[in-house]
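Following: one structure in structure tokens, then a few remarks.
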Amino acid sequence: MAPAAAWAPPAPDDPASSRKVAALLGRLGVPYCDGSIDAAAAVEAAGFAVLQEEGLVDTLAAAAGLPPDGKRAPASDAAAAAAASDADREAALLALAQLPAAAGAAAEPFLFPLVPALLDRAAADAAPAAAAAAAAAASAVARGAAAAGAQLLLPRLLAAAAPGRRFRGREAAAHALAALAEAAPGEVAARLPEIVPLISEMMADPREQVRSAAAAAGAASFGCVDHPDLAPLADTLLQAASAPGPEAAGEAAAALAGTRFTQAMDGPALAAACPALLRALREGAPPARRAACAAAAAIAKLVAAPGDAARFLPPLADALEKASSAMDDPSLRQPAADAAGLLRRIVKGAEGMAGGGGGGGGGGGQAEPSAAELEECRAALSAALASARAPPLDARASDHVAEICARLGSSRRLDLGSWRGGVAPYLAPAYVTEAEAEGVARAMLADCEARLRRGGALEVLGWEDAVGEGPAAGEELCDCTFSLAYGGKVLLTSARMRLIRGRRYGLCGANGVGKSTLLRAVSRGQLEGFPAPEVLRSVYVEHDLQASDTQQSVADFIEGDPAVRGARSPEEIAAALEEFGFGGEMASRPIGSISGGWKMKLALTRAMLLGADILLLDEPTNHLDVANVEWLERWLVAQRRVTLVTVSHDVGFLDAVCTDIIHFAGRQLRRYRGGHSEFVRAVPSAQAYASRPDGGGDGGTAGGGDSGTVNGGGGGGGGGGGGGGGGGGGESIGGGGGGVSAAAAGEPPPRFRFPAPGLLDGVASKEKAIIKLENVSFAYPGAASPTISGVRAMCRLSSRVAVVGANGAGKTTLVKIMTGELKATGGTVWRHPNLRLAYVAQHAFHHIEEHLDSTPLKYMLHRFGLGTDREGDSKVDRALEEEDKKRMASAVWTFDGQPRRFESIVGRRKKKKDFEYEVAWQGLSSIKFNRWIPRAELVEKGFEKKVNEYDQKKGAVAALGAETRPLNRSGVEAFLAEFGLGPEYSCHSLIKGLSGGQKVKLVLAAAMWNSPHLLIMDEPTNYLDRASLAALATSIRTFEGGVVLISHSSEFTASCCDEVWTVAAGEVQVRDPRG
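Structure representation (structure tokens):
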């Protein structure tokens, strides 16, 4: 939006204006005014009496040619105004502009009625100076308004800015509205539903003055919304409401759907968000409507007061219902219908809480009082003033205060602060003392409560508070109540979190409930009521280092962090590196060469150097071997001054470390003393959250039986798909309160359906090798010794291999050589030419981190859209380097005495035990010149990567052909559903909004898209709860291809692997039961 043009009204208090006003007051014979003082000085000298007893406002209004009652001037008054001199009108209007700042809120009852006439004068006065002075007076009145009185002035401004009025008056009204937004932001924000359509209409006005004024008023009005989650979106929401096309509304709906909400939605927040959602639903494209559905559902669940729900949600529900009936796509129609149903239920509940009344609410609700309520308030005010022995009030002042009180009552605003602000500024010190004004305010509030109680409406006030945690037990770091939502999903509503220094809290709940989102919200200071970073330092440790693949050394990484350098001396940094195991040679090692476990320790080192009060750990045991897990447990327990909040599926870790468990249940947080075992005794269904693979065995139940392993025998799928996620009883997946099983909740257990890989040429038995490593070694550049050497191993279609070893032993290096991520520096790696190999990296999010702003559907279409796997193109066995290009450019074949240079491979056929490839030549387009070249010859001349690339393309085509799986929306949606990602997540949620477990499922599904013969997974158990682990183990056992996995969980590998490769001291020991 272009910035509004500057608007400079005359300054009523500048010397020239003051002289004009003083001269006029002297001529008019105003008491205390001898021609030397202006209106502000007169009020200062004579006090409030100059307004009420001496009638200064009435005198000035008459001099300015304004009608005495402030209404629009009839023809006779207009003629009288024209008869007055231009100079007198200007001076009188400038004097009126001085009064709000001089007299304060007590002047409102006398000045507010004049505002419509002032805006008329700004529009119609023939003298430009007088018109400008009238506009300045209107803005001065608005700028001086008290918050309580603003609700009486705002309707007058909106009426003056309405379509059909003179454009100068509309311009002046818009500027007055901007001034009022500065004076009373809460009241202006609450009226945004009325303001927004007017601003939108004015933004399309052909006159630049009106458009500029509207832009200023719109920016000021939207800036009034005091909601941290919406503040960054203020300009986006304004554009959505005022821009001519629907595109801005679609962008706003998408932004709202992707917002991590941390606070309840009050009236002003709803007023800012709802217009954008309404417009997106009515005018937006299908994606915009879908985003609006998600955002509307999320926002509705966060409404804090019944009156706000009753006021703002019905129009949204109507729009959702219309959108549902208008959309042809069922995947869009159903979410709209679901959201509409949700909003209807919330509105019905709110109306029930309000006793069927139309008022109720909080946070700036603007319910109009009835005539009876106004009369009751006048009588109550008269009685209260009589009790305070106050002098008689001017009728305008009495009516002004009575109307404010009536509005407070009809809006159910019964806090003393609101009533004090609605009564005291208008009475003290003009009529009574501050203490007496306080007594009148209390009396008016008591009268309102009594009337509401008689009408049976008092019970609607407030919503149930969050559950308490008991007495403090140490130094309290925070005690806050907040709401949290993200990606269109409400996670927590008015949840309370209380943290004590030195205690260690484990967050437990099902995948997707918001555990990691809560950690991020704490670290970013997004929680309402949470102490500021300068008061309480929270450091979030996640797996951001797992994607690091740079040559930056460990020491440079720590020392190069500005925050660390600012907090610690070089000696302290060196000591910390030594304590965490990064002394000596380790400090100089490149980050890309250390294991995932060591990267996690490096991230912990950085966190502690930052001096954390609260340490936020997200799955800290991921990638750590047993020894390092034990080290981490000891180290955390020793930190007596640091509070820990951690997310982990590792039961043993939670038991060893945690003093308390915080349970996500029913969008609330409930604390339990002790570790995970004590927690599970209190909430038995919560064992489903843990990663300990002790689900149902053969004949057992996966829901929590004490016997069996993770195989879930009774519920497993058979055949090539692999299937179920648990035993006959179904995995317990937790939930609100005490939690429920999947079967009891009517939800299917988690599952992963691995597609059948199909046949490999020449492989008639599942026991035949499909990949071989012969005397393989590998050394990282600059390393003193190889990471692994002399490796001899093979994989078959029947392989179920567990690769085990300590952190840094070389496990990941070994599997990267197998996949082609790394090239062996010695020995040979043979893969079947038709082999399709899938790899899920140790840092699983590495696969998707460049696509976080896409949906899973878009990610899949992008990755596989060219008929190949884009991710595979970067592997070293296919990516061409300069040396490869030079060898290929120099390669020449001679046929019929003519030299031929390679252009591309266009075909392949089997010949004996190997393959031949049909090669097309540069400059020869006819296929009659093509020749069949043996694979060995192509490899010898430097074309091995081209051969590998063609083999992969053929394999991908064969895979999709065998599965008849189309690469379109329906095909991808159905495929992702087989991995636990329904349409809500696969097609309508951004990847960045998925939980850690859901991201792992997406990565695994993408790996299986091409129906691989061999699946290699590095630490696949990270981020998965027990139910998902049971499903994964079942699918591994029943998969028709081979599996190689790295895991530090011996229980998990024992449940699905029968072959073990132990990596230690640079060697690989193979234990294969088949010999």
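Just so we're aligned, residue 1 is where the sequence shown starts under full-length UniProt numbering, counting upward by one.
Even for Gly, the Cβ is constructed at its ideal location relative to N, Cα and C.
If you're wondering where the values come from, they're calculated on a predicted model, not measured in any experiment.
Neighbourhood of residue i by C-beta distance below 6 Å, restricted to the same chain and skipping five residues each side
| i | result |
| --- | --- |
| Val791 | Leu773, Val776, Val1068 |
| Ile661 | Gly506, Cys508, Tyr672, Phe679 |
| Gly736 | Low confidence applies here, because Gly736 scores a pLDDT of 33, under 50, leaving its location unreliable; read the following figure in that light. Cβ neighbours of Gly736 beyond the five flanking positions: Ala665, Gly666. |
| Thr1053 | Ala802, Ser1047 |
| Asn930 | Glu918, Ala920 |
Status (buried if at least 16 other CB within 10 Å, exposed otherwise) for residue i
| i | result |
| --- | --- |
| Phe482 | buried |
| Arg413 | buried |
| Glu1059 | buried |
| Ser17 | buried |
| Asn968 | exposed |
| Phe979 | buried |
| Gln552 | exposed |
| Gly592 | exposed |
| Trp830 | exposed |
| Thr621 | buried |
| Gln952 | buried |
| Gln842 | buried |
| Val1063 | buried |
| Pro15 | exposed |
| Ser1011 | buried |
Contacting residues, own chain, Cβ-Cβ under 7 Å from residue i (five flanking each side not counted)
| i | result |
| --- | --- |
| Gly584 | none |
Pair within 8 Å by beta-carbon distance, residue i and residue j
| i | j | result |
| --- | --- | --- |
| Cys448 | Leu536 | no |
| Leu198 | Leu237 | no |
| Gly474 | Ile500 | yes |
| Ala587 | Ala555 | yes |
| Val210 | Pro268 | no |
| Asp125 | Ala117 | no |
Beta-carbon proximity list for residue i, same chain, < 8 Å, skipping 5 on both sides
| i | result |
| --- | --- |
| Glu201 | Pro163 |
| Val763 | Ile770, Leu797, His832 |
| Glu882 | none |
| Val522 | Phe530, Ser538, Tyr540, Ile614, Leu616, Val645 |
| Pro786 | Ser777, Phe778, Ala779, Thr825, Gly826, Gly1066 |
| Leu374 | Ala402, Glu403, Ala406 |
| Leu602 | Leu545, Val554, Phe557, Ile558, Phe580, Phe582, Ile591, Ile594 |
| Lys954 | Asn834, Arg908 |
Supposed contact pair residue j and residue i - C-beta distance, whole angstroms, cut 8 Å
| i | j | result |
| --- | --- | --- |
| Ala567 | Leu610 | 6 Å |
| Ala999 | Phe752 | Sequence inspection shows Lys at residue 999; the Ala mentioned does not correspond to that position. Lys999 to Phe752, Cβ: 14 Å. No contact. |
| Ala271 | Ala190 | 6 Å |
| Ala300 | Leu342 | 6 Å |
| Asp625 | Ala806 | 5 Å |
| Ser1050 | Phe754 | The Cβ separation is near 23 Å, so there is no contact. |
| Glu90 | Ala137 | 10 Å between Cβ atoms; not a contact. |
| Arg396 | Pro109 | 4 Å |
| Ala291 | Ala254 | 4 Å |
| Ala252 | Ala280 | 7 Å |
| residue 1122 | Leu835 | For the chain, the structure presents residues 1 to 1075; residue 1122 sits outside this window and is missing. |
| Val892 | Ala1007 | With 8 Å as the limit, Val892 and Ala1007 do not qualify as a contact, their Cβ atoms being about 40 Å apart. |
| Ala336 | Leu320 | 5 Å |
| Thr262 | Asp229 | 6 Å |
heavy atom of the ligand COA below 7 Å from residue i C-beta
| i | result |
| --- | --- |
| Leu577 | For the structure depicted, the ligand COA is absent and the ligand set is empty, with no information on it obtainable. |
> Looking at C-beta atoms only, is the number of pairs between the segment 641–658 and the segment 615–625 that lie closer than 8 Å three or more?
Replying inline: Enough Cβ pairs lie closer than 8 Å, so yes.
>> Tell me whether the segment 202–221 and the segment 166–179 touch, counting them as touching only if at least three CB pairs, one residue from each stretch, are closer than 8 Å.
In response: Judged by pairs of C-beta atoms under 8 Å, the segment 202–221 touches the segment 166–179, as three or more such pairs exist.
>> Tell me whether the segment 136–148 and the segment 85–105 touch, counting them as touching only if at least three CB pairs, one residue from each stretch, are closer than 8 Å.
In response: Below 8 Å, enough C-beta pairs join the segment 136–148 and the segment 85–105 to call them touching: three or more.
>> I'd like to know if the segment 243–251 and the segment 268–285 are in contact, where contact means that at least 3 CB-CB pairs between them fall below 8 Å.
In response: Yes: at least three Cβ pairs fall under 8 Å.
>> Three or more C-beta pairs under 8 Å: does that hold for the segment 61–68 against the segment 84–96?
In response: Touching, yes, given that three or more Cβ pairs across the two stretches are closer than 8 Å.
>> Across the segment 105–119 and the segment 413–429, are there enough close Cβ pairs to call them in contact, namely three or more that are closer than 8 Å?
In response: Touching, per the Cβ criterion.
> Pairing CB atoms from the segment 813–833 with CB atoms from the segment 628–638, are three or more of them under 8 Å?
Replying inline: No: the two stretches stay apart, fewer than three of their Cβ pairs being nearer than 8 Å.
> When the Cβ atoms of the segment 901–908 are set against those of the segment 922–936, are three or more pairs found closer than 8 Å?
Replying inline: Contact holds: three or more Cβ-Cβ distances are below 8 Å.
>> Would the segment 853–860 count as touching the segment 990–997 if we require 3 or more Cβ pairs under 8 Å?
In response: Yes, the segment 853–860 touches the segment 990–997.
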